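Asks:
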Amino acid sequence: IMQCGVVGCHPDDQKEWFDNTISYLSGRFPELKPNEVTDLRTLGERFAQPPKARADSQTASV
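Throughout the sequence shown, residue numbering follows our numbering, covering 279 to 340 in sequence.
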């Protein structure tokens, strides 16, 4: 994900990349169960999202 430049791409480009990558992985590793393939995609999509801003610790404690 990091080397392919998918992080920070337009969501449509990310979807296309994940579609192609998951299709490849499913064919390359037929032992993966459908739920495992779904989990891989979910984790990948989460990883590709920008980091969430942290709340200031003083603001969070109020």
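Glycine included, C-beta positions come from ideal geometry on N, C-alpha and C.
It should be emphasised that the depicted structure is a prediction, and the values quoted were computed from it without experimental measurement.
Run the CB neighbour count on residue 284, radius 10 Å, all protein chains shown included, and call it buried at 16 or more, exposed below.
Replies: Buried, since its Cβ has 16 or more Cβ neighbours within 10 Å.
Asks: Does DSSP put residue 279 in a helix, a strand or coil?
Replies: Coil at residue 279, not helix or strand.
Asks: Let me know the secondary structure DSSP gives residue 315 once reduced to three states.
Replies: In the structure shown, residue 315 sits in a helix (DSSP, three-state: H, G or I).
Asks: Let me know the secondary structure DSSP gives residue 310 once reduced to three states.
Replies: Here residue 310 sits in coil by DSSP.
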